[in-house]
Amino acid sequence: MLSLSECLRDDTRIQLIKPEEVKKKKSLFHFFRQKDGEKRIFRKDFNHAELIGEELCNVRNLRCAHFFLVGEGYYRVNRTAPYSEIYGEGYQLKIASYDFRDPVEFEYFQIVDNGLRNDHDYLEDLLEFAPTEENRRELLDEVEEMFALDTFMGQTDRYWNNVIFERNKETREIHLAPLYDFEYSLKSSNFDSHMMYGNVLHNFRDADDYVAFIQEHPEFAEKLRFYLNIDLIDVIERSYRAKGLRVPAHAIPFYEEFEQERKNFIRHITGEENIRVK
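In C-alpha cells, the structure reads:
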C-alpha cells in the first residue's frame with residue numbers, strides 16, 4: 016500500500032483541524048463536530064483507493080463522499096496550509112470527508128435496520144421497499160452501478176456498515192446514499208477464493224454467479240463493459256492531482272497489472288471474449 020508521505024508535494028494543501036474526540040462507543044457514523052453549525056467531518060488514515068474510488072464515481076456520475084487531506088493538531092487550526100509550511104509541526108495527516116447526510120429531507124438506513132437478518136441476499140427485499148415501479152427501477156439501476164464499480168475495483172468489503180440508503184421523508188422514495196469506504200479494493204491479495212465479491216444485497220461467489228445475475232439483469236453487463244474503456248492510470252493520476260498529490264512511479268506497474276486483471280475478468284463474465292473471437 017502506498018504511504019501518504021511518498022505522495023505529498025510541497026504545495027499539497029492540508030486543512031488543519033483539531034484531533035477527533037475520543038468516544039466510549041463508536042457508531043456507524045462516528046463523526047466529530049468542529050463547531051456548532053459547521054459540517055461534521057469523518058476522518059481516517061490515508062488509503063489510495065479512497066481517492067481513486069471517488070474519481071471513478073465522478074467518471075460514472077455516481078454520488079460518493081468527497082475526500083480531502085487534513086492535518087490533526089492543536090496549533091493554528093481551522094485553515095488550510097501547504098504541506099511545506101506544516102512539515103515537522105506534529106500534525107497527523109489523514110484523509111477526511113464531510114457528513115453527506117441531510118436529516119431534514121431524508122431518513123437514512125441500513126438493511127439490518129429493517130429487520131432483514133436472515134442469511135440470504137437482500138436485493139429483492141430492498142426493492143420491495145420502493146413505493147413506485149419507477150423508484151424500484153431507479154434503485155435497481157443504482158445498486159447495479161455500485162456492483163459494477165466494486166467489481167472493477169475489486170472491492171471486498173461492501174457489507175452492513177458501508178451500504179447506506181436514503182428515504183425521502185415526503186415521497187418515501189428510496190435511493191442509494193453516496194458511496195464511501197473503498198479501502199479494501201485495488202489489491203488482488205484481498206480476494207477470497209470463496210467469495211469473489213461479497214455485498215450485503217447480493218453475493219457473487221464466483222464467475223458463474225455473475226453470469227447468472229447478468230442473465231437476469233442484462234443491463235448489468237453494459238455497466239460492467241463501461242469499465243473496459245476506462246484508462247485506470249489516467250483516472251488515478253487525475254484523482255491524485257485533484258488532491259495536490261503525485262503518483263509514485265513505482266506504483267504504476269502495480270496499477271497496470273491490476274487493471275488488466277479486472278478487465279480480463281469483466282470480458283469473461285460479460286461474454287466479451289466470445290464477441291472478440293467472432
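So the sequence shown is numbered by our numbering: it starts at 16 and just counts up by one. Just so you know, even glycine gets a beta-carbon here, dropped at the ideal spot from N, CA and C.
Contact set for residue i: own chain, Cβ-Cβ below 7 angstroms, skip 5 residues either direction
i	result
N73	none
G259	R24, D26, T27, R28
F121	E181, R182, N183, K184
E252	V262
L66	F82, S254, Y255, K258
N279	none
V226	I284
Spatial distance of residue i from residue j (CA atoms)
i	j	result
R187	N176	22 angstroms
I29	Y98	6 angstroms
I248	E185	43 angstroms
K109	R256	17 angstroms
E159	E153	10 angstroms
Q275	Y89	45 angstroms
F235	L84	34 angstroms
L216	E272	29 angstroms
E148	G86	46 angstroms
P233	T166	16 angstroms
M211	E237	20 angstroms
A111	G68	14 angstroms
C22	E100	16 angstroms
R277	R91	45 angstroms
S204	Q107	28 angstroms
L243	K202	18 angstroms
V119	A264	46 angstroms
D117	G103	38 angstroms
L191	Y113	17 angstroms
Reduced DSSP category for residue i - H, G, I as helix; E, B as strand; rest coil
i	result
C22	coil
I110	strand
A227	helix
L194	strand
F47	A caution first: F47 carries a pLDDT of 39, below 50, which makes its placement in the model too unreliable to give a value.
Y90	coil
M211	coil
E122	strand
R116	coil
P268	helix
N205	helix
V262	coil
I248	helix
I179	coil
Q170	coil
T95	strand
R55	strand
L216	coil
Nonlocal neighbours in the same chain, by C-beta distance under 8 angstroms from residue i, ignoring five residues either side
i	result
F95	At residue 95 the sequence reads Thr, which differs from the Phe that was named. Excluding residues within five positions, the ones whose Cβ falls inside 8 angstroms are R28, I29, Q30, L31.
F241	R75, A163
L142	R151, L154, L155
F206	G169, T171
Nonlocal neighbours in the same chain, by C-beta distance under 6 angstroms from residue i, ignoring five residues either side
i	result
A145	R151, L154, I189
F124	F180
D229	Note on residue identity: the sequence assigns Ile, not Asp, to residue 229. Cβ neighbours of I229 beyond the five flanking positions: F235, A236.
F61	L19, I110
Residue from the options whose Cα sits closest to the Cα of residue i
i	options	result
N214	R282, I126, L77, Q230	I126
S18	T171, I245, H63	H63
P34	E21, R78, G105, G169	G105
Y137	V178, Q230, L164, R75	V178
E53	E87, L71, N93	N93
Y270	L191, L164, S200, F241	S200
C79	E143, S20, F115, F61	F115
H209	D117, T171, L191	T171
I245	L71, F280, K202	L71
I267	F280, V250, N279	V250
Y174	N218, S204, K202, E157	N218
M161	D117, L239, D140, E231	L239
L77	E231, K202, E157	E157
E139	H265, L243, E231	E231
Per the contact definition of three or more C-beta pairs closer than 8 angstroms, is the region 192 to 207 in contact with the region 52 to 64?
The region 192 to 207 and the region 52 to 64 touch, with three or more beta-carbon pairs separated by less than 8 angstroms.
Counting Cβ pairs closer than 8 angstroms, one from the region 218 to 229 and one from the region 277 to 284, do we hit at least three?
A contact exists between the region 218 to 229 and the region 277 to 284.
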